[in-house]
Amino acid sequence: MALGTAFRLVNSNRLLLGEDYQQHITKLNLVDQQIAKAQADWGQKQAKDQAEAIARQTQELRDRIEAQREQAVKDYMERAIKFRKEERFDEALGQIEQLLAVDARNSNALLLKDILEDEIRWRREVALIKESNKHEMELLLQTYAQGIPYEKEMNYPADWLEIAKKRQAAITDGRDPADIAVERQLREKVDLSALTEQTTLAEAIDILRNSVEPPLNMVVIWRDLNDNAFITQNSPIGLSGAGLVSVPLRTGLNRVLQAVSSGPGQPALGYVIEDGIISIATVDSLPTRYENRVYDVAELLSPPSTGYGMGMMGGMGGGMMGGRVGKAGARTGGRGGMRVPTSGG
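Here our numbering is used: the first residue of the sequence shown is -11, the next is one more, and so on.
This is the structure:
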């Protein structure tokens, strides 16, 4: 501000100064340049000082972060080693995983991680083996216990045969009761003499459906038969019912399906039973169905008598043994089971 006042004062007295005017102006310009340079130097110094301060603060922050990271790595590693000594392997592995989240390339942590995972797998395997051996021994003891002959007199009810038959009939093998009812109807003997070679497939299905009481729930996938086997509702079955006077309904159904699809190159027809409904289609279009079949395995599971507490009571002892060992098959009385595919055809 003072320099500006000096410039105005010299300019206002230009006439009075005469030849000295230029000399004063030159001095004032020199002072102005010096002031400008000083201001520029000061600004540069301030910027430099500020940059150095920022760099210093940044480095201090980095140093603190690095120190915290190193301390965290150290703490995680110490806790992991401590947990491992205490055989707390899962917790030790958790500490190592947190350490690797901080320092993913820590060689010691990577090595210890592999060791801990191997130890955890090995201990789980040992635990499973022990559990398996425990259950195996329990089953063996139960088997031996069931082999001890009953020394006292046993009384059976007079109608024990009828009771056994009722129990056998109650076995459903896990199937839908509606499917079991359909299977029972398919075993009934029926009269199919009304069938002729000119009977259409639709008419034959109606005859089969109404041959038992109550009528069967039968569904024909006509589109599948038409597209894949070139069979329509009006296709003749080509089968005479003269010899089908008293045959199981299942046999009659199979014969009709075989006869109507017996042309050269025609795919076989079949059926499946699901939810109490018989669905008829080409075999390749039918879903694979599984049924539980029960087999008597008492003789396989009960070894011949060796005199070691197994030779008394004759067949009754074997029956008791078989019934007990059948525990895996829902205690089916000496029976084992397997699931086999069936298409119903």
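Note that the Cβ used here is the ideal one computed from N, Cα and C, for glycine as well.
Given the structure is predicted, the values throughout are model-derived calculations rather than measurements.
Item checked: One or two residues paired with S267 in a DSSP bridge -> Along the sequence shown, one-based indexing puts residue 267 at 279. In the DSSP output, where bridge partners are listed per residue, S267 has V207, V260.
Check: So, using beta-carbon positions, are G264 and N198 closer together than 8 Å?
Finding: On the sequence shown, residue 264 is found 276 positions in, with the first residue counted as 1. On the sequence shown, residue 198 is found 210 positions in, with the first residue counted as 1. Going by C-beta atoms, G264 is not nearer than 8 Å to N198.
Next item on the list: Specify, as a first and last residue, the run of the alpha helix (DSSP H) that N17 falls within.
Entry: Stepping through the sequence shown from its first residue, residue 17 is reached at position 29. For N17, the uninterrupted alpha helix (DSSP H) segment begins and ends at 8 to 73.
Next item on the list: Would you be able to state if there are at least three C-beta pairs under 8 Å between the stretch 109 to 120 and the stretch 129 to 138?
Entry: Contact between the stretch 129 to 138 and the stretch 109 to 120 is absent, because fewer than three Cβ pairs lie under 8 Å.
Notebook entry, point to check: Would I84 pass as a contact of L104 if the rule is Cβ separation under 8 Å?
Noted result: Position 96 of the sequence shown, counted from the first residue, corresponds to residue 84. Position 116 of the sequence shown, counted from the first residue, corresponds to residue 104. In this structure, the beta-carbon distance from I84 to L104 falls below 8 Å.
Item checked: Inter-stretch contact (C-beta, 8 Å, three-pair minimum) for the stretch 238 to 256 and the stretch 143 to 155 -> No: fewer than three Cβ pairs fall under 8 Å.
Note to self: Could you check whether the stretch 89 to 98 touches the stretch 55 to 70, counting it as contact only if at least three pairs of C-beta atoms, one from each stretch, sit closer than 8 Å?
What the structure shows: In this structure the stretch 89 to 98 lies against the stretch 55 to 70, because at least three pairs of beta carbons, one per stretch, are closer than 8 Å.
Check: Out of curiosity, what's the CA-to-CA distance linking S234 and D167?
Finding: The sequence position of residue 234 within the sequence shown is 246, counting from 1. The sequence position of residue 167 within the sequence shown is 179, counting from 1. Whole-angstrom Cα-Cα distance: 23 Å.
Check: Taking Cβ positions, are G229 and T188 nearer each other than 8 Å?
Finding: The sequence position of residue 229 within the sequence shown is 241, counting from 1. The sequence position of residue 188 within the sequence shown is 200, counting from 1. No. Outside cutoff.
Next item on the list: Compare the Cα-Cα distances from L18 to each of F(-5), E171, D272, Y138 and report the closest residue.
Entry: Position 30 of the sequence shown, counted from the first residue, corresponds to residue 18. Comparing C-alpha distances from L18 to each of F(-5), E171, D272, Y138 shows the shortest one belongs to F(-5).
Margin query: Could you check whether the stretch 238 to 246 touches the stretch 168 to 182, counting it as contact only if at least three pairs of C-beta atoms, one from each stretch, sit closer than 8 Å?
Written below: Here the stretch 238 to 246 makes contact with the stretch 168 to 182; the two share three or more CB pairs at distances below 8 Å.
Checklist line | Residue nearest to D179 in terms of C-alpha spacing, selected from E54, L237, L16 | finding: Position 191 of the sequence shown, counting from 1, holds the residue named residue 179. Nearest option by C-alpha distance: L237.
Item checked: Span separating the alpha-carbon of M304 from that of F218 -> As a first step, residue 304 must be located in the sequence shown, where it is residue number 316. As a first step, residue 218 must be located in the sequence shown, where it is residue number 230. Per-residue confidence for M304 stands at a pLDDT of 42, beneath the threshold of 50, marking its modelled position as unreliable; no derived number is given.
Check: Where are the beta strand (DSSP E) runs, 3 residues long or more, that stay fully inside the stretch 88 to 155, in chain order?
Finding: If we require 3 residues or more, the stretch 88 to 155 turns out to have no beta strand (DSSP E) run fully inside it.
Notebook entry, point to check: Excluding five sequence neighbours on each side, which residues of the same chain lie with their C-beta closer than 7 Å to the C-beta of E79?
Noted result: The residue given as residue 79 occupies position 91 in the sequence shown. Here E79 has F71 as same chain residues with Cβ atoms under 7 Å from its own Cβ, once five neighbours each way along the sequence are excluded.
Note to self: Using a 10 Å radius around the Cβ and a threshold of 16 neighbouring Cβ atoms, would you call L49 buried or exposed?
What the structure shows: Translated into positions along the sequence shown, residue 49 becomes position 61. Under this definition L49 is an exposed residue.
Note to self: Does V235 come out as helix, strand or coil in the three-state DSSP assignment?
What the structure shows: Stepping through the sequence shown from its first residue, residue 235 is reached at position 247. Here V235 sits in strand by DSSP.
Next item on the list: Reducing DSSP to helix, strand and coil, say where V178 ends up.
Entry: Position 190 of the sequence shown holds residue 178. In the structure shown, V178 falls within a strand segment according to DSSP collapsed to helix, strand and coil.
Check: Three-state secondary structure (DSSP) at P165?
Finding: To locate residue 165, count along the sequence shown from 1; it is residue 177. Helix at P165.
Check: What is the C-beta distance between L245 and V260, in whole angstroms, given that I count them as a contact (C-beta under 8 Å)?
Finding: Position 257 of the sequence shown, counted from the start, is the residue given in the question as residue 245. Position 272 of the sequence shown, counted from the start, is the residue given in the question as residue 260. Between L245 and V260 a beta carbon distance of about 12 Å is seen, past the 8 Å cut, so the two are scored as non-contacting.
Notebook entry, point to check: Taking N214 as the reference, which of I193, D20, A269, E201 has the closest Cα?
Noted result: Counting from one through the sequence shown, the residue named residue 214 turns up at place 226. Here the closest residue by C-alpha is A269.
Item checked: DSSP state of T(-7) mapped onto helix, strand, coil -> Taking the first residue of the sequence shown as position 1, residue -7 is located at position 5. Helix.
Checklist line | Distance CB(I225)-CB(A256) smaller than 8 Å | finding: By 1-based counting over the sequence shown, the position of residue 225 is 237. By 1-based counting over the sequence shown, the position of residue 256 is 268. Result no, Cβ atoms of I225 and A256 do not sit closer than 8 Å.
Checklist line | Pick from N216, V170, D194, A39 that is closest to D272, judged by C-alpha positions | finding: Sequence index remark: in the sequence shown, residue 272 carries index 284 (1-based). Among N216, V170, D194, A39, the Cα nearest to that of D272 belongs to N216.
Checklist line | Selected residue, minimal CA-CA separation from E262, among A247, V170, N(-1) | finding: Reading the sequence shown from its first residue, position 274 is the one you call residue 262. Residue nearest to E262 within the set A247, V170, N(-1) is V170 (criterion: CA-CA distance).
Notebook entry, point to check: Quick one: is L4 buried, meaning 16 or more other Cβ sit within 10 Å of its Cβ, or exposed?
Noted result: Sequence index remark: in the sequence shown, residue 4 carries index 16 (1-based). Taking all protein chains shown into account, L4 has fewer than 16 neighbouring C-beta atoms within 10 Å of its C-beta and is therefore exposed.
Margin query: Buried or exposed, going by whether 16 or more other CB atoms sit within 10 Å of the CB of D212?
Written below: As a working note, residue 212 is residue 224 in the sequence shown. With 16 or more Cβ atoms within 10 Å of its Cβ, D212 is classed as buried.
Next item on the list: Could you check the C-alpha separation between Q21 and A41 for me, to the nearest Å?
Entry: If you number the sequence shown from 1, residue 21 lands on position 33. If you number the sequence shown from 1, residue 41 lands on position 53. Cα to Cα, the separation comes out at about 30 Å.
Next item on the list: Mind checking who P224 pairs with in its DSSP beta bridge?
Entry: Taking the first residue of the sequence shown as 1, we reach residue 224 at position 236. In the DSSP assignment, P224 is bridged to T188.
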